[in-house]
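Okay, so the sequence shown: first residue is 1 according to the UniProt record's numbering, each after it adds one.
Here a beta-carbon is modelled for each residue, glycine too, at the ideal position from N, C-alpha and C.
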Amino acid sequence: MVTVIRICNHRVTVTVTPNLRVPPLAELIGRVAGCDRAAFADLYDATSDRIYSVVLRGLGDPGRAEDATEEIYLRVWTTARDYDPACGPAMDWLLAHAHQTIARHLPYRCAVSGRNFRAWRGGR
């Protein structure tokens, strides 16, 4: 695919070559279900930046976001056999794991900061 963009009034042509080595996410998850470590590494490489950024936005703490992201991929490893491509895109399945993990961590965040809980109760 060729894309033409302008940077400071200069025309720049960018050629984007898709990474043909990495299979679609649904295929990777299917292989992870069969305990394929290489597929898991490819899945992690292809998705971890997005998953981490969602978790970081949800939790607001880089250290806790790293721990939660690790927890998410552990769950992916153990539940990959449950993924059904007919039910939706693979990234949606991964993001559902991320949102569930964020929800499990939020009560702790509120208890630790207190500020979030007080704001939720209307400042009392």
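Rank the options by C-alpha distance to the C-alpha of residue i and give the top, closest one.
i           : options                : result
R75         : A86, P89, L59 and L94  : L94
A26         : A96, T69, H105 and D84 : D84
residue 149 : D49, D82, Y44 and D67  : Past the edges of the chain, shown from 1 to 124, lies residue 149, and the structure says nothing about it.
Determine whether the beta carbon atoms of residue i and residue j lie at a separation below 8 angstroms.
i    : j   : result
L56  : A65 : yes
I29  : A86 : no
Y52  : T78 : no
V54  : A98 : yes
I102 : G60 : no
* Asked: Which runs of the beta strand (DSSP E) spanning at least 3 residues fall entirely within the segment 53-79, listed in chain order?
  -> Contiguous beta strand (DSSP E) elements confined to the segment 53-79 do not occur, taking only those with 3 or more residues.
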